[in-house]
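Numbering (our numbering), first residue to last: 735 to 785. Notes follow the structure.
Spelled out as structure tokens, the structure:
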């Protein structure tokens, strides 16, 4: 086993519909909204698409 610790992921605070949530820095807004249980109408989106 290694004694190395993984670097901490930097988190950002995001307000969605008046509620505050934390997500890893770099999370796309459409994905953050989905994780927060909000539906965002969109034409074409897949998590593996580049920004």
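A virtual CB, placed ideally from N, CA and C, is assigned to each residue, including glycine.
The alpha-carbon separation between residue 747 and residue 771 amounts to approximately 16 Å. As DSSP reads the structure, residue 744 sits in no beta bridge. In the three-state DSSP reduction, residue 738 falls in the coil class, being neither helix nor strand. Ranked by Cα distance from residue 749, the options 769, 739 and 741 are led by 769. By DSSP's assignment, residue 750 forms a beta bridge with 753.
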